[in-house]
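Q:
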Amino acid sequence: MVVGLLFACHGASTVLGMFGGPSGGRPPAGHWPSWWAGLIQLVCGVLVLVGIGEAGTRTAAVLGSGSMAYAYFTVHAKHALWPIENGGEPAAMFCWSLLLIAVMGPGAWSLARLPFRARVPGLGGNADPERKRAPEAV
1 MVVGLLFACH GASTVLGMFG GPSGGRPPAG HWPSWWAGLI QLVCGVLVLV
51 GIGEAGTRTA AVLGSGSMAY AYFTVHAKHA LWPIENGGEP AAMFCWSLLL
101 IAVMGPGAWS LARLPFRARV PGLGGNADPE RKRAPEAV
């Protein structure tokens with residue numbers, strides 16, 4: 001949840017100018033790659049934060065991780081190899097954190113794991129709340 005929230009905030013600062021915005025000012029809408037990267041960060045961050053479903057969370061995490069890998073290698077790595085030297089610590093941390101979420105899945109706090117999922121279509125639960133559970137083996 002924290003990774004998703006921070007990733008969404010990172011994107012919101014770029015696209016919407018929130019939280020002080022980027023140091024060089026907000027990019028114009030549609031400007032490649034900065035505006036699109038910010039949009040990917042905002043949308044994927046929100047999807048990872050709420051954890052709507054196994055496939056949705058993993059897909060958002062992979063896209064977010066890829067965008068951060070792209071940012072690292074196209075923006076930061078040309079200045080120096082190590083993130084501490086080139087200012088790419090956030091890109092590296094987001095890249096690896098989101099890749100871990102993509103591999104491990106959304107986890108116990110995702111919407112797909114909440115008790116009400118049985119009544120909400122598309123969240124991976126039983127669509128019929130009246131359906132009885134099979135007795136558990138002892």
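Residue numbers are given in this note's numbering: position 53 of the sequence shown equals residue 53, and the series is strictly consecutive.
C-beta atoms are modelled at their ideal positions from N, C-alpha and C, and glycine is treated no differently.
The structure displayed is predicted, hence computed values, not measured ones.
(1) Name the residue from Tyr72, Gly17, Phe19, Gly51 whose alpha carbon lies nearest to the alpha carbon of Ala102.
(2) Figure out for me which residue from Leu99, Asn86, Leu114, His10 has the closest Cα to the Cα of Gly45.
(3) Taking Cβ to Cβ, would you say Thr14 is nearer than 9 Å to Gly38?
(4) Taking 7 Å as the limit between beta carbons, can you name the residues of its chain near Trp36, skipping five residues before and five after?
(5) Taking the C-alpha atoms as reference points, what is the distance between Leu98 and Ala61?
A: In short:
(1) Position 102 of the sequence shown, counted from the first residue, corresponds to residue 102. Ranking the options by Cα distance to Ala102, first place goes to Gly51.
(2) Taking the sequence shown and counting its residues from 1, one reaches residue 45 at position 45. The candidate whose alpha carbon is nearest that of Gly45 is His10.
(3) Counting from 1 along the sequence shown, the entry for residue 14 is found at position 14. Counting from 1 along the sequence shown, the entry for residue 38 is found at position 38. It is a contact, given that the beta carbons lie within the stated cut-off.
(4) As a working mapping, residue 36 is identified with position 36 in the sequence shown. Contacts found: none.
(5) Against the sequence shown, residue 98 aligns to sequence position 98. Against the sequence shown, residue 61 aligns to sequence position 61. Answer to the nearest angstrom: the Cα atoms are 5 Å apart.
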